[in-house]
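Going by this note's numbering, the sequence shown wraps up at 430, each residue one higher than the last. The beta-carbon is built from N, C-alpha and C at its ideal position, and this holds for glycine as well. If you're wondering where the values come from, they're calculated on a predicted model, not measured in any experiment. One structure below.
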Amino acid sequence: MADAYVECPTPSGGSRSVRISSPDRVLWPAEGITKLELATYIRDVGPALLERIGGRPVTLQRFPTGIEGEEFYSKNPPRGVPDFVRTVVMTYPSGRKHVQLVADEVATAVWAVQMNTITLHPWPVTVGADPGLVDRPDEVRLDLDPQPGRDFADVRTAAHALREVMAEAGLTGFVKTSGNRGVHVFAPVEPEFEFLDVRHGVIAVARELERRLPDLVTTAWWKEERGERIFLDYNQACRDRTIASAYSPRPLPGAPVSMPLRWEDLDGFDARDATVRSVPGLLAARPDPWAGYALARASLATALQWWERDVAAGLPELAFPPDYPKMPGEPPRVQPSKKRYADQDYTPGGTGYLREHPERPPRT
Numbered sequence: 067m068a069d070a071y072v073e074c075p076t077p078s079g080g081s082r083s084v085r086i087s088s089p090d091r092v093l094w095p096a097e098g099i100t101k102l103e104l105a106t107y108i109r110d111v112g113p114a115l116l117e118r119i120g121g122r123p124v125t126l127q128r129f130p131t132g133i134e135g136e137e138f139y140s141k142n143p144p145r146g147v148p149d150f151v152r153t154v155v156m157t158y159p160s161g162r163k164h165v166q167l168v169a170d171e172v173a174t175a176v177w178a179v180q181m182n183t184i185t186l187h188p189w190p191v192t193v194g195a196d197p198g199l200v201d202r203p204d205e206v207r208l209d210l211d212p213q214p215g216r217d218f219a220d221v222r223t224a225a226h227a228l229r230e231v232m233a234e235a236g237l238t239g240f241v242k243t244s245g246n247r248g249v250h251v252f253a254p255v256e257p258e259f260e261f262l263d264v265r266h267g268v269i270a271v272a273r274e275l276e277r278r279l280p281d282l283v284t285t286a287w288w289k290e291e292r293g294e295r296i297f298l299d300y301n302q303a304c305r306d307r308t309i310a311s312a313y314s315p316r317p318l319p320g321a322p323v324s325m326p327l328r329w330e331d332l333d334g335f336d337a338r339d340a341t342v343r344s345v346p347g348l349l350a351a352r353p354d355p356w357a358g359y360a361l362a363r364a365s366l367a368t369a370l371q372w373w374e375r376d377v378a379a380g381l382p383e384l385a386f387p388p389d390y391p392k393m394p395g396e397p398p399r400v401q402p403s404k405k406r407y408a409d410q411d412y413t414p415g416g417t418g419y420l421r422e423h424p425e426r427p428p429r430t
């Protein structure tokens, strides 16, 4: 099939044509959804999508042959970036820097589809005139990940309770389906703290929820310690960690979409009803469920006071992702069932080591 072209609105009120090669390539085999259909979907939901990710650096989750084939995450923009695509340099935990595209017009998101992107993963920062903004998150995100034995009804219960905890910290929570089994709860914050502080604020909120619902939710990093509880993934607040954007399709059967909801709609909503083919109609039939998001921005100061309270009470730092450099105060990165000694430590990259200990025999 010859190349197709998708007309996209521009911020100035004009239009921009984006070429889509191999438009008949099937991305979701069971549903028969093609690359062109995905590009058209992104164009149709584009204004709502940009309300959520506009001005943010984005990592691309790409599937050159569809969801059943190879996938990879693309930090640096692919070759052939059009002139209209804006980019920014982002610093990663390793200290390395990567150029990443910035989603600030519909055509940029459609061009990402041309590069075989299915899911957009925005950073929690906004690119602005102040270059320091890229190091200070302006939203917090908690991923509620149900472990085997829990269902979406349990996730709903946890999400509503999390909203209450956030409100006590002065934060306004907004909810969306993950596009899979869980939900994501966001809260807009003032860009006044750097990533590590924001992560600590998120941990404090998660711990407060865990105190109230210890049988339902957990902050345990190791899966073997979670049981059937819902994992509160606090490490989504780390630098370089991203979550599938609102209105992004997921590479799963059914072509599900991460769908923003009003809190009053969460209990009656079936996440399977939000798909590439249904979401444009859902958007047309209801007002923006996250209306007022930008106006709800608040300080993370209270959550950080909770963090300091917990530290003073003896609660430790929590584990970082395994690819992170060793962080100050971090607990051992050893799976609990595989620890040989109480002070066994871990080096990033998967190789453990044992610190010398006067009560254990020397290694030979």
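1) Hey, how far is the Cα of P214 from the Cα of N301?
2) Taking just the CA atoms, how far does E97 sit from A345?
3) Specify, as a first and last residue, the run of the beta strand (DSSP E) that F252 falls within.
4) Buried or exposed: where does C74 fall if 16 or more other Cβ atoms within 10 Å of its Cβ makes it buried?
5) Alpha carbon to alpha carbon, how far is V221 from L104? Give it in angstroms, no decimals.
6) For my contact list, A369 and A235 are in at a C-beta cut-off of 8 Å; report their separation, rounded to the angstrom.
7) Where do the ends of the beta strand (DSSP E) carrying D209 lie?
8) Do P188 and V147 have their beta-carbon atoms positioned less than 7 Å apart in this structure?
9) Taking its Cβ as the centre, do 16 or more other Cβ atoms sit within 10 Å of F138, making it buried, or is it exposed?
10) Please determine, among N142, A169, T131 and R316, the residue with the shortest C-alpha to C-alpha distance to T157.
11) Given that a residue counts as buried once 16 or more other Cβ atoms are within 10 Å of its Cβ, and exposed if not, what is G198?
12) Is D90 helix, strand or coil by DSSP?
13) Residues bridged to Q127 by DSSP?
14) I need the straight-line Cα distance from W372 to H266, nearest angstrom please.
15) I need the boundaries of the alpha helix (DSSP H) containing A364, first residue and last residue.
16) Just the C-alpha distance for R273 and V151, rounded to the nearest angstrom, thanks.
17) Taking the alpha-carbon positions, what's the P257 to W356 distance?
18) State the DSSP-derived secondary structure class of A378, mapped to helix, strand or coil.
19) Taking the C-alpha atoms as reference points, what is the distance between I99 and V92?
From the atom records:
1) 20 Å
2) It should be pointed out that residue 345 corresponds to Val in this sequence rather than to Ala. Using only the alpha carbons, I get a separation of about 15 Å.
3) V249 to P254
4) buried
5) 29 Å
6) 5 Å
7) E205 to P212
8) no
9) exposed
10) N142
11) exposed
12) coil
13) Y139 and T185
14) 9 Å
15) Per DSSP, A364 belongs to no alpha helix (DSSP H) and is neither H nor E.
16) 40 Å
17) 20 Å
18) helix
19) 6 Å
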